[in-house]
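With our numbering as the guide, the letters of the sequence shown map in order to residues 1 to 454. Even glycine gets a Cβ: it sits at the ideal position worked out from N, Cα and C. Quick caveat: nothing in here was measured; it's all calculated off a predicted structure.
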Amino acid sequence: MHKAAAQRASQDGAQEIGGAAEDPGQQEFPGPCLAMLKTIPTAQLRTGMFIHDLGLSWWEHSFLRPRFPVDSPETLQRILATKAKTVVIDTTEGLDVADVDARPSPPNQASVPAQATQPVAAAPGPKIPVAVERAAKPAAPAKVSLQQELQVARKLVREARTAVQSAMADARTGRISSVPAIQGLAEGMVESAGRNPGALITLAGLKTKDDYTFMHCVAVGTFMIALGKQLGLNEDQLRDAGTAGLLHDVGKSRIPDSILNKPGKLTDDEFKVMRSHPQVGYDMLREAGYEDSAALEVVLHHHERLDGKGYPHGLCGPDLTTLARMGAVVDVYDAVTSDRSYHRAIPPTAALKMLLASANAHFDEPIVRAFLATVGIYPNGSLVKLQSGRLAVVIEQTPEKPLAPQVRVFYSTKSQMPITTMDLDLSQGGDTITGYEDPVKWGFELSKYTEAKL
Numbered sequence: 001m002h003k004a005a006a007q008r009a010s011q012d013g014a015q016e017i018g019g020a021a022e023d024p025g026q027q028e029f030p031g032p033c034l035a036m037l038k039t040i041p042t043a044q045l046r047t048g049m050f051i052h053d054l055g056l057s058w059w060e061h062s063f064l065r066p067r068f069p070v071d072s073p074e075t076l077q078r079i080l081a082t083k084a085k086t087v088v089i090d091t092t093e094g095l096d097v098a099d100v101d102a103r104p105s106p107p108n109q110a111s112v113p114a115q116a117t118q119p120v121a122a123a124p125g126p127k128i129p130v131a132v133e134r135a136a137k138p139a140a141p142a143k144v145s146l147q148q149e150l151q152v153a154r155k156l157v158r159e160a161r162t163a164v165q166s167a168m169a170d171a172r173t174g175r176i177s178s179v180p181a182i183q184g185l186a187e188g189m190v191e192s193a194g195r196n197p198g199a200l201i202t203l204a205g206l207k208t209k210d211d212y213t214f215m216h217c218v219a220v221g222t223f224m225i226a227l228g229k230q231l232g233l234n235e236d237q238l239r240d241a242g243t244a245g246l247l248h249d250v251g252k253s254r255i256p257d258s259i260l261n262k263p264g265k266l267t268d269d270e271f272k273v274m275r276s277h278p279q280v281g282y283d284m285l286r287e288a289g290y291e292d293s294a295a296l297e298v299v300l301h302h303h304e305r306l307d308g309k310g311y312p313h314g315l316c317g318p319d320l321t322t323l324a325r326m327g328a329v330v331d332v333y334d335a336v337t338s339d340r341s342y343h344r345a346i347p348p349t350a351a352l353k354m355l356l357a358s359a360n361a362h363f364d365e366p367i368v369r370a371f372l373a374t375v376g377i378y379p380n381g382s383l384v385k386l387q388s389g390r391l392a393v394v395i396e397q398t399p400e401k402p403l404a405p406q407v408r409v410f411y412s413t414k415s416q417m418p419i420t421t422m423d424l425d426l427s428q429g430g431d432t433i434t435g436y437e438d439p440v441k442w443g444f445e446l447s448k449y450t451e452a453k454l
């Protein structure tokens, strides 16, 4: 990547992940203050200690937070049941090995410092449906096959792209007249997701650098609806979520193309202009008579962060609605997994890991977990390598077995040759995924091997 483009990508990443920063080129990450870290064998772990790092990938354990207190014998047993051989503890937050040796705890009652008994949590926000707390719960069974629903979903995505493009063109002239059409499309997208949510999700990632702005809005609308279903929102709420996603970046229509598509690093003044788009979009929609407060919250607040380091208003967790928190997650996910003139897409698995790492500082962790359950550990369209040495593209999720989706094999890494394509349901056994592969590295155009075409 050209140096200027790399600087812009870094700057844009700071904007997307951590909201506003004092220096646009600096990206802030949450971290403990004055932490005293120590690596110990897992066998030495005791209740009262504080885990800083389990040393495991996020899919290899079931803990909601990367850092947490060992506050009960049950928590200790859950850790011991993982594959972790060593763990990193923070002795400023919990007990040290020497503390435990000097003052052994009773078998069923650990002595835990007061500060270690309270896990770091996001500030309380509006009540989220119970389904959020069960993010791993599989979605309702699909009513039609993916293949069947793709035919309908393609038409919806094309129409949505056209409607978003029209809304942004209208906005440049000072008038938005296409909101009712977008609301109607959102309703159609909700119905499609009810039949098979995987169809729209499969198509959501199909965008080029040239149509990124429009297709990003379509993708965010799609993910908002799918995530909303996972969270248990009703149909009216899902329609609002979809409308919000389709309109969330309408304010960018007033950002000069010289800034919006600049391949190099933005100046401070340019970055200030870029950060104005949520407020601009909100004001434009209000002036056009659009009064759906739920959707307007997403337009205005999708760049806000739980820790108050977002923009345009620097709001903290309690001031952010559920839809705004959802918008923050899906907006970043689609942005970082998309190619742009100054940014090469990162793998979906890396994007999900990044979101989890930033949860509770920037993003609502239950919503991040629910989104992971929505798109899957290996999202549709991902290139994966199987234990057999074959390469395959993920074509559909198996909600109850997120590590075992349905895939289409097409290449052998052993013979370095294409093979006859074949669909496999990995949940039935016979082969397993060993990891994600970069399609750019292999030179594959994955849409050739899927129905993911517009």
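Asked                                                                                                                      : Found
Residues sharing a beta bridge with D53, DSSP                                                                              : V88
C-beta atoms of F410 and Y449 nearer than 8 Å                                                                              : yes
Among S72, M49, L76, nearest to A98 - alpha-carbon criterion                                                               : M49
Chain-order list of residues whose beta-carbon lies under 8 Å from that of T337 (same chain, five-residue window excluded) : G205, A345, I346, P347, P348, A351
Residues sharing a beta bridge with D511, DSSP                                                                             : The structure shown does not extend to residue 511, since the chain spans only 1 to 454, so no value can be given for it.
DSSP-derived helix/strand/coil call for L386                                                                               : strand
Anticipated Cβ contact below 8 Å, D53 with V100, distance rounded                                                          : Not confirmed; about 19 Å, so no contact.
CA nearest to the CA of A244, picked from K85, L386, E149, H301                                                            : H301
Start and end residues, beta strand (DSSP E) containing T321                                                               : Note, T321: premise wrong, no beta strand (DSSP E); not H, not E.
Exposure of Q397, with buried meaning 16 or more beta-carbon neighbours within 10 Å                                        : buried
Cα-Cα separation between R161 and H216, rounded to whole angstroms                                                         : 9 Å
Element boundaries [alpha helix (DSSP H), containing Y311]                                                                 : Neither: Y311 is in no alpha helix (DSSP H) and is coded neither H nor E.
Stretch pair the stretch 383-397 + the stretch 420-434: three plus CB contacts closer than 8 Å                             : yes
Cβ pair V394, P402 closer than 8 Å                                                                                         : no
Where M326 falls, given that 16 or more other Cβ within 10 Å makes a residue buried                                        : buried
Three-state secondary structure assigned by DSSP to I176                                                                   : coil
DSSP beta-bridge partners of D307                                                                                          : C316
Inter-residue spacing [alpha-carbon to alpha-carbon] between T208 and F214                                                 : 10 Å
Segment limits, beta strand (DSSP E) that includes P41                                                                     : 37-41
The beta strand (DSSP E) enclosing T434, as first and last residue numbers                                                 : 433-436
Cβ neighbours of D339 in the same chain (closer than 7 Å, five flanking residues each side left out)                       : K209, A345
Which of helix, strand or coil DSSP assigns to Y449                                                                        : helix
Reference G174; option with closest CA among A186, E149, V280                                                              : V280
Limits of the alpha helix (DSSP H) - the one that V299 falls within                                                        : 293-301
Residues of its chain near H61, where Cβ-Cβ distance is below 7 Å and the 5 sequence neighbours each way are ignored       : L54, T82
Inter-residue spacing [alpha-carbon to alpha-carbon] between G314 and V144                                                 : 43 Å
Alpha-carbon spacing of R239 relative to L260, whole angstroms                                                             : 29 Å
Whole-angstrom C-beta distance between A199 and L150, which should lie under 8 Å                                           : 5 Å
Inter-residue spacing [alpha-carbon to alpha-carbon] between K371 and S293                                                 : Here residue 371 is Phe; the residue named in the question, Lys, does not match the sequence. Their backbone Cα atoms lie some 23 Å apart in a straight line.
Contact set for P312: own chain, Cβ-Cβ below 6 Å, skip 5 residues either direction                                         : P278, Q279
Cβ neighbour criterion (16 or more within 10 Å) applied to P399                                                            : buried
With 16 other Cβ atoms within 10 Å as the buried cut-off, status of R275                                                   : buried
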